[in-house]
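As structure tokens, the structure follows; a few thoughts come after it.
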Amino acid sequence: MEISNSKLCSHLDSFTEKFSFLLNHNFFIDSTDGLFSLKHSHELLDLQKALRVCHDFLSSSKKWAIEENTLNCIISIYALAIKPLLLFIEKRSENSPSLMDQCAELRKEYLTELRLFKKRQNQKPLVKEDAAIRLQRAYRLHQYWKSKKTSKTGANTVYSIPLNIAPPIPQKSNAVNQVAAKNWVLAHSVHWQPTARKILKNLIHRSFKKFEQRLKIAVESFNEKLMSLPLEERKYIVIIPGKKWNQKSNPWVTSLALKYLTIPPLDIVYENENSYQNDIKAVIFDDAAYSGKQLQGVLETTRFKNVHLIIPFISRTALSNISQAVWVSSHEKMFNISDMNEFSEEELNLLKSKTGDYYSEDLTKRTFNWFDHKIPDHLSTLDDILCFGKTLDKPSCQVPFIPETTPPYSVKWF
Numbered sequence: 046m047e048i049s050n051s052k053l054c055s056h057l058d059s060f061t062e063k064f065s066f067l068l069n070h071n072f073f074i075d076s077t078d079g080l081f082s083l084k085h086s087h088e089l090l091d092l093q094k095a096l097r098v099c100h101d102f103l104s105s106s107k108k109w110a111i112e113e114n115t116l117n118c119i120i121s122i123y124a125l126a127i128k129p130l131l132l133f134i135e136k137r138s139e140n141s142p143s144l145m146d147q148c149a150e151l152r153k154e155y156l157t158e159l160r161l162f163k164k165r166q167n168q169k170p171l172v173k174e175d176a177a178i179r180l181q182r183a184y185r186l187h188q189y190w191k192s193k194k195t196s197k198t199g200a201n202t203v204y205s206i207p208l209n210i211a212p213p214i215p216q217k218s219n220a221v222n223q224v225a226a227k228n229w230v231l232a233h234s235v236h237w238q239p240t241a242r243k244i245l246k247n248l249i250h251r252s253f254k255k256f257e258q259r260l261k262i263a264v265e266s267f268n269e270k271l272m273s274l275p276l277e278e279r280k281y282i283v284i285i286p287g288k289k290w291n292q293k294s295n296p297w298v299t300s301l302a303l304k305y306l307t308i309p310p311l312d313i314v315y316e317n318e319n320s321y322q323n324d325i326k327a328v329i330f331d332d333a334a335y336s337g338k339q340l341q342g343v344l345e346t347t348r349f350k351n352v353h354l355i356i357p358f359i360s361r362t363a364l365s366n367i368s369q370a371v372w373v374s375s376h377e378k379m380f381n382i383s384d385m386n387e388f389s390e391e392e393l394n395l396l397k398s399k400t401g402d403y404y405s406e407d408l409t410k411r412t413f414n415w416f417d418h419k420i421p422d423h424l425s426t427l428d429d430i431l432c433f434g435k436t437l438d439k440p441s442c443q444v445p446f447i448p449e450t451t452p453p454y455s456v457k458w459f
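In our numbering, the protein residues as written are 46 to 459.
This is the structure:
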């Protein structure tokens, strides 16, 4: 049976939506021998027909012809055919802008699936027997997003806590004022000026841009974990620590992260919510973990047993306090003051005095890190220095060198 040129074009247009995403994301490429055998299944029948037609077209300069009985056989797709096939699809779509827009949207939505695929590809060679399974999962994901777009509860889901995906953000940088910092050093006695310079050297300011980039990476690591699970196990809720709104960063960070989630949460609730079973996946967002004590307290009191933490910046101390009990996202490690080898025992003792007492473990809870959106409180940093610019040897002398910072979430915004 031969398929005419016009019928083939119609055939391709009909199935482009199903296989363009798969083709663009290399689901047919086997890194070992360059081809996959796609086993016949009901779900993939239309996909196989379209691919077989394209394969015949690309591998033959003769008529676009296909034997009907070959559709029921195992089909081989060569990796070298992928690029020409994509070009062919684009060429055939010149008069159909909406189709190309749709393909572009699909490519954007499925970037997470691509990252997951590449990660697996780097971990171990793919085998032919995995092809049909991976294609089925990918197509089910496509159907999931398609249903989300048409569902009344898709992007417009009403959550118990009505967060805003466009929360207020810092309007200016609070990086070190270099002139003021030099004056702060000079305000010390000659003996302590080298110590003051060491402190400046070890200060780490992270801009809002840097923070959002790391938050996105943290969310994507959660997306990858979620997408590696069967569809029925991908449901989760987001919990906000506390019983009501407070001036903490969790709701704000959660709002920033919503746009990066591949699958939206079922709900966003306070930690004392009783509407869900305690074995459902519960996700907590935060901007940074310094000592981990606050999170440890939340984990000890929450009734949810399957907790996932998405935090872009975590210290060694915090990680040791929380990682045993929960899943922790990809993150950038922050150094505690006690991790730094530059300070002498005399200098460390002086820094300890700035924490309020002389217990050595106190410096394991504090860092010299801060962000455009906030400077950590006195439990997480040496705020006498970062916030007020107090000198080490003259407590009454202050030379602030970091601009005053008001967190964007200091007033209720949702």
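Glycine residues also receive a C-beta, built at the ideal position from the N, C-alpha and C atoms.
Nearest-angstrom Cα separation, counted from V230 out to E392:
For E392 and V230, the distance between alpha carbons rounds to 15 angstroms.
Nearest-angstrom Cα distance between P452 and S336?
20 angstroms
Return the chain-ordered list of same chain residues with a C-beta closer than 6 angstroms to the C-beta of S455, the five sequence neighbours on each side being excluded.
Q292
So the beta strand (DSSP E) V283 belongs to, where does it begin and stop?
281-285
Determine the direct distance from the alpha carbon of N323 to that of I420, and round the result to whole angstroms.
In this structure, the alpha-carbon of I420 lies about 34 angstroms from that of N323.
Mapping DSSP to helix, strand and coil, what is K326?
The DSSP-derived three-state label of K326 is strand.
Considering Cα atoms alone, identify which of T240, L431, I284, D438 is closest to L340.
Nearest option by C-alpha distance: I284.
Count the C-beta pairs between the region 227-247 and the region 432-443 that are closer than 8 angstroms, then say yes if the count reaches three, no if not.
Segments in contact, yes.
Any idea what DSSP makes of T362, helix, strand or coil?
helix
Would the region 218-225 and the region 380-389 be scored as touching if the rule is three or more Cβ pairs under 8 angstroms?
no
In the DSSP output, what is M272 paired with across the bridge?
M272 is not bridged to any residue.
N351 lies in the alpha helix (DSSP H); which residues open and close that run?
If you look at N351, you'll find it isn't in any alpha helix (DSSP H); it sits in the beta strand (DSSP E) that goes 351-355.
Taking only three categories from DSSP, how would you classify K439?
coil
Contact the region 241-256 vs the region 312-328: 3+ CB pairs below 8 angstroms
no
Considering only the beta carbon of each residue, do A327 and V352 sit closer than 7 angstroms?
yes
Going by DSSP, what residues sit across from W372 in a beta bridge?
DSSP output for W372 lists H353 as bridge partner(s).
Express the C-alpha separation of A241 and I308 in angstroms, rounding to a whole number.
48 angstroms
C-beta contact flag for L354 and V371 at 7 angstroms
yes
DSSP three-state assignment for W415, whether helix, strand or coil:
strand
Compute the distance between the beta-carbons of P215 and D417, then report whether it is under 7 angstroms.
yes
Would you identify the three-state DSSP class for E387, choosing helix, strand or coil?
coil
Of the listed residues L245, S273, P286, nearest to R348 (C-alpha basis)
P286
With DSSP as the reference, label R348 as helix, strand or coil.
coil
Could you check where the beta strand (DSSP E) with K378 kicks off and where it finishes?
For K378, the enclosing beta strand (DSSP E) begins and ends at 377-379.
Which whole-angstrom value is the C-beta distance of I427 and W415, which I expect to be below 8 angstroms?
Contrary to the premise, residue 427 reads as Leu rather than Ile in this sequence. Their Cβ separation, rounded to whole angstroms, is 11 angstroms, which puts L427 and W415 out of contact at 8 angstroms.
I288 versus A363 - alpha carbon distance
Checking the sequence shown, residue 288 turns out to be Lys, not Ile. Each residue's Cα considered, the two are about 23 angstroms apart.
Within its chain, find whatever has a CB closer than 6 angstroms to the CB of S266; leave out the 5 residues flanking it on each side and keep chain order.
S374, S375
Put A334 into one of helix, strand or coil per three-state DSSP.
Correct three-state label for A334: strand.
Determine the DSSP secondary structure at I210, reduced to helix, strand or coil.
Here DSSP, grouped into helix, strand and coil, assigns I210 to coil.
Skipping 5 residues on each side, what residues in its chain have a beta carbon closer than 7 angstroms to that of K350?
N323, D324
Helix, strand or coil, according to DSSP, for I447 in the structure here?
coil
Can you tell which of S360, S368, K399, I447 has its C-alpha closest to the C-alpha of T412?
The residue with the shortest Cα to Cα distance from T412 is S360.
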